[in-house]
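S.K.: Residue numbers for the sequence shown follow the numbering used here, beginning at 72 and rising by one.
Don't be surprised by glycine CBs; every beta carbon is placed ideally from N, CA and C.
Predicted, not measured: the structure shown is a model, and the values here were computed from it.
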Amino acid sequence: MGAVYKAEQPDMNRYVAIKILHSRYLTRSDLVSRFRREARAMSQLSHPNTARVFLYGQLDDGACYFVMEHLVGQNLAQLVRAEGAMKPQRAVRIMSQVCGALEEAHQAGIIHRDLKPENVFVTTQGGIRDFPKVLDFGLAKVTERQMRPGSMVLTQQGMVFGTPEFMSPEQAHGKTLDARSDIYSLGVILYELLTGKLPFDAKQPIEFIQLHVNATPIPFAERLPGAVFPPGLEEVVMAALAKNPEERYASAADFAAALEGVLQLEAGERASITLPTPVPAAPTAEPAPPIAAPSSRANRRPSRVALLVGIVVAVAGVVALLALLGPRS
């Protein structure tokens with residue numbers, strides 16, 4: 072779809088990354104809209120754990136581009152592949168910072184909708200190691216509080232876009248999303264950082280979707296036998312993975328506070344671990360019919376393929392997989 076180039080900005084004495092959507096894709100209005108949405112969403116955010124966008128523009132041949140900060144390091148998916156499960160303290164500290172970035176986005180009325188390890192880049196900044204940067208707001212949804220004439224919102228009732236391995240149950244059903252959908256995805260990411268594996272075993276994208284809707288996440292002890300986790304950590308992660316959004320943390324800030332409470336208790340400090348208090352659900356579209364649970368658990372995990380999944384709710388109430396576009400990256 073495009074390419075990312077490293078460039079030097081001599082007047083500012085810095086390197087930048089230039090992300091370009093090639094001109095041959097300009098006839099694809101969906102791709103152009105996604106590219107512009109990413110630049111626009113990221114340019115509105117200033118949290119240090121969100122990758123900064125400096126400029127958006129168009130070349131003479133019509134190709135779109137935006138200029139963002141140049142990052143050196145690895146994304147979380149690369150780290151897990153190279154190192155396996157992280158120490159709980161490290162994983163929690165990284166995710167607490169990611170929560171800070173998402174809290175700012177949510178307060179601005181922006182829902183990411185495609186949070187996954189590939190979209191969290193870990194670098195060093197100001198001498199601080201394990202400094203995460205949230206990337207790729209290409210699927211971001213602008214909520215009503217940020218709607219303006221001409222705004223392009225990807226979500227349609229009955230349509231779902233995202234990555235199946237990290238998709239919330241309500242996202243799978245094509246409902247209107249709020250911050251709690253991103254909280255679920257953060258829970259899946261943290262689960263994988265802590266255990267080295269996803270909360271469910273599946274072979275196909277539709278199986279992941281079915282499991283997110285119907286199944287209970289595999290306990291930590293089964294995923295990583297013999298591992299020792301700080302008291303309360305598994306309960307906090309499982310609360311983020313609640314099927315019902317009302318039973319999750321209401322905000323990324325609340326999720327971060329619960330994670331910090333776990334570390335404080337482990338360090339012997341006076342603290343309490345906060346579990347979610349049910350809150351009224353945000354308005355949503357009518358749910359699609361229940362997605363049937365898979366007949367049996369897959370015995371191996373597939374190669375992690377990033378997919379843009381469209382699920383169309385037909386008049387007869389049948390959920391059909393419309394399209395699978397592009398590899399997970």
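Residues bridged to Met139 by DSSP?
M.R.: For Met139, which the question treats as bridged, DSSP gives the partners Ala88 and Val124.
S.K.: Ignore the nearest five residues each way along the sequence and tell me which others in Cys170's own chain have a CB closer than 8 Å to its CB.
M.R.: Cβ within range, chain order: Leu257, Ala323, Ala324, Phe326, Ala327 and Leu330.
S.K.: Leaving out the 5 sequence neighbours to the left and right, which residues in its chain are closer than 6 Å to Gly221 when beta-carbon positions are compared?
M.R.: Residue confidence is low: Gly221 scores 31 on pLDDT, short of 50, so the model does not pin down where it sits. Its coordinate-derived value is still stated next. So no residue of the chain qualifies.
S.K.: Quick check: does the Cβ of Val169 come within less than 7 Å of any heavy atom belonging to the ligand MN?
M.R.: Here there are no bound small molecules, and the ligand MN is not part of this structure.
S.K.: Residues bridged to Val193 by DSSP?
M.R.: Val193 pairs with Gln145 and Pro203.
S.K.: Roughly how many angstroms separate the alpha carbons of Leu378 and Gly339, rounded to a whole number?
M.R.: In this predicted model, Leu378 has a pLDDT of only 36, less than 50, meaning its place in the structure is not dependable enough to derive any value.
S.K.: Identify the residues that DSSP records as bridge partners of Val75: which are they?
M.R.: Lys90, per the DSSP bridge assignment.
S.K.: Considering only residues of the same chain and omitting the five flanking positions on each side of Val87, which have a CB-CB separation below 6 Å?
M.R.: Excluding residues within five positions, the ones whose Cβ falls inside 6 Å are Ala78, Gln80, Val138 and His141.
S.K.: What number of angstroms, rounded off, separates the C-alpha of Arg200 from the C-alpha of Phe232?
M.R.: The straight-line gap from Cα to Cα measures roughly 33 Å.
S.K.: Since Lys204 and Thr121 should fall inside the 8 Å C-beta cutoff, what is the C-beta to C-beta distance between them, to a whole number of angstroms?
M.R.: Their Cβ separation, rounded to whole angstroms, is 7 Å, which keeps Lys204 and Thr121 in contact under 8 Å.
S.K.: What does the Cβ neighbour count give for Arg152, buried or exposed, with the cut at 16 atoms within 10 Å?
M.R.: Arg152 should be labelled exposed.
S.K.: Compute the distance between the beta-carbons of Tyr136 and Ile89, then report whether it is under 8 Å.
M.R.: Their beta carbons are under 8 Å apart, which means Tyr136 touches Ile89 by this criterion.
S.K.: Write down the C-beta distance between Pro288 and Leu312 rounded to the nearest angstrom, noting that I regard them as a contact closer than 8 Å.
M.R.: The Cβ separation is near 5 Å, so the contact holds.
S.K.: For the alpha helix (DSSP H) that contains Tyr262, what are its first and last residues?
M.R.: From DSSP, the alpha helix (DSSP H) with Tyr262 extends over Ala250 to Thr266.
S.K.: Whole angstroms is fine: what's the gap from Asp272's alpha carbon to Phe279's?
M.R.: Roughly 8 Å separates the two Cα atoms.
S.K.: How about Pro301 and Pro159: are their beta carbons less than 8 Å apart?
M.R.: Yes; because the gap between Cβ atoms is below 8 Å, this pair is in contact.
S.K.: I'd like the list of long-range same chain contacts for Ala352, defined as Cβ closer than 7 Å, with 5 residues on each side in sequence excluded.
M.R.: Below a pLDDT of 50, predicted positions are generally treated as unreliable, and Ala352, at 45, falls in that range; the measurement from the model is reported next regardless. Answer for Ala352: Pro316 and Glu317, listed in chain order.
S.K.: Please classify Pro296 as buried or exposed, where buried requires at least 16 neighbouring CB atoms within 10 angstroms.
M.R.: Exposed is the call here.
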